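Here the structure comes first, spelled out in structure tokens, and everything after it is commentary.
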Amino acid sequence: MPADHLAGLGPVGELFKAAFAHHPAGVAVITARGPEGPVGLTASSVSSVSVDPPILGFSLQARRGSAAVVAEAPSFLVHLLDAEDLALAQSFAVSGAPRFGAEMPWEELPTGEPRLLGVGRVLRAVPLARIKAGPALVFNAAVVDVLGAESSGSPLVYHRRRFHGLSEDSALPGSP
Numbered sequence: 001m002p003a004d005h006l007a008g009l010g011p012v013g014e015l016f017k018a019a020f021a022h023h024p025a026g027v028a029v030i031t032a033r034g035p036e037g038p039v040g041l042t043a044s045s046v047s048s049v050s051v052d053p054p055i056l057g058f059s060l061q062a063r064r065g066s067a068a069v070v071a072e073a074p075s076f077l078v079h080l081l082d083a084e085d086l087a088l089a090q091s092f093a094v095s096g097a098p099r100f101g102a103e104m105p106w107e108e109l110p111t112g113e114p115r116l117l118g119v120g121r122v123l124r125a126v127p128l129a130r131i132k133a134g135p136a137l138v139f140n141a142a143v144v145d146v147l148g149a150e151s152s153g154s155p156l157v158y159h160r161r162r163f164h165g166l167s168e169d170s171a172l173p174g175s176p
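Per full-length UniProt numbering, residue 1 is the first one in the sequence shown, and the count goes up by one each step.
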């Protein structure tokens, strides 16, 4: 890891960043409707919090751009991505990248959120709590609808600052 990438972080901050770079995480795109149209961002912090009732959590840096719009949205969609959705993850990870155009099929739901077509698992959620944690906001959100729950694709994961596809062949012997 280049030292200049960690400039300004104390020793604990550097070790913390390195530890989480090695910790794989699933990848999602979160979309919402803003005053100027649809917005979205790539997130690797999405997790299941509760099944009954269904609650998810995620965090984001909500100072500006798409993150600021998602942070204030009354509802949003969480698209859980497969490896086949890599182009979506990459597009929504870059600020200012073209989104929601003809080359990116999407639809507006009757409730207003933009849904990316072709993603197998999409959760519609409404925020329950927004908690300030340092420069980030941590969200708890109630899942009010599941739009497709089946997928035959390999999950997309983020590990060591790169995207990876997780396949059945990667299961370790003896795991359930």
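For glycine and all other residues, C-beta sits at the position ideal for the given N, C-alpha and C.
The structure displayed is predicted, hence computed values, not measured ones.
Using the Cα positions of residue 118 and residue 136, report the straight-line distance between them to the nearest angstrom.
The sequence position of residue 118 within the sequence shown is 118, counting from 1. The sequence position of residue 136 within the sequence shown is 136, counting from 1. Answer to the nearest angstrom: the Cα atoms are 30 Å apart.
Unbroken alpha helix (DSSP H) runs of length 4 or more, entirely within the UniProt domain "Flavin reductase like" (20-165): which are they?
Listed in chain order, the complete alpha helix (DSSP H) runs (minimum 4 residues) inside the UniProt domain "Flavin reductase like" (20-165) are 65-72, 86-93.
So, under 8 Å CB-CB, residue 63 and residue 112 are touching, yes? Tell me the CB distance rounded to an integer number of Å.
Here residue 63 corresponds to residue number 63 of the sequence shown, with the count starting at 1. Here residue 112 corresponds to residue number 112 of the sequence shown, with the count starting at 1. Rounded, the Cβ-Cβ distance is 24 Å, inconsistent with contact.
Specify the secondary structure class of residue 4 as computed by DSSP and reduced to three states.
On the sequence shown, residue 4 is found 4 positions in, with the first residue counted as 1. Reliability fails at residue 4, whose pLDDT of 45 lies under 50, so the model's placement of it is uncertain and the value that follows must be treated cautiously. Here residue 4 sits in helix by DSSP.
Given a cut-off of 7 Å, decide if residue 28 and residue 80 are closer than it, judged by their beta-carbon atoms.
Here residue 80 corresponds to residue number 80 of the sequence shown, with the count starting at 1. Here residue 28 corresponds to residue number 28 of the sequence shown, with the count starting at 1. In this structure, residue 28 lies closer than 7 Å to residue 80 by Cβ.
What does the alpha-carbon distance come out to for the pair residue 154 and residue 167?
Along the sequence shown, one-based indexing puts residue 154 at 154. Along the sequence shown, one-based indexing puts residue 167 at 167. Rounded to whole angstroms, residue 154 to residue 167 spans 5 Å at the Cα level.
Do you know how far the Cα of residue 121 is from the Cα of residue 88?
Counting from one through the sequence shown, the residue named residue 88 turns up at place 88. Counting from one through the sequence shown, the residue named residue 121 turns up at place 121. Taking the straight line joining both Cα atoms gives about 14 Å.
Tell whether a beta-carbon distance below 7 Å holds between residue 156 and residue 97.
By 1-based counting over the sequence shown, the position of residue 156 is 156. By 1-based counting over the sequence shown, the position of residue 97 is 97. Not in contact: residue 156 and residue 97 (Cβ atoms no closer than 7 Å).
Determine the contact status of residue 25 and residue 44, defining contact as a CB-CB distance below 7 Å.
Translated into positions along the sequence shown, residue 25 becomes position 25. Translated into positions along the sequence shown, residue 44 becomes position 44. It is a contact, given that the beta carbons lie within the stated cut-off.
Use the C-beta contact count for residue 101: other C-beta atoms within 10 angstroms, 16 or more gives buried, fewer gives exposed.
One-based indexing of the sequence shown puts residue 101 at position 101. Residue 101 is exposed by the Cβ-count criterion.
Would you mind sorting residue 130 into buried or exposed? The rule is 16 or more other CB atoms within 10 Å of its CB.
To locate residue 130, count along the sequence shown from 1; it is residue 130. Label assigned to residue 130: exposed.
Please look up how many angstroms separate the CB atoms of residue 126 and residue 74, rounded, as I've assumed it's under 8 Å.
Residue 126 sits at position 126 when you count from the first residue of the sequence shown. Residue 74 sits at position 74 when you count from the first residue of the sequence shown. Going by Cβ atoms, the distance from residue 126 to residue 74 rounds to 7 Å, so yes, they are a contact pair.
May I have the straight-line CA-CA distance separating residue 37 from residue 78, to the nearest angstrom?
Translated into the one-based positions of the sequence shown, residue 37 becomes position 37. Translated into the one-based positions of the sequence shown, residue 78 becomes position 78. Those two C-alpha atoms are separated by around 17 Å.
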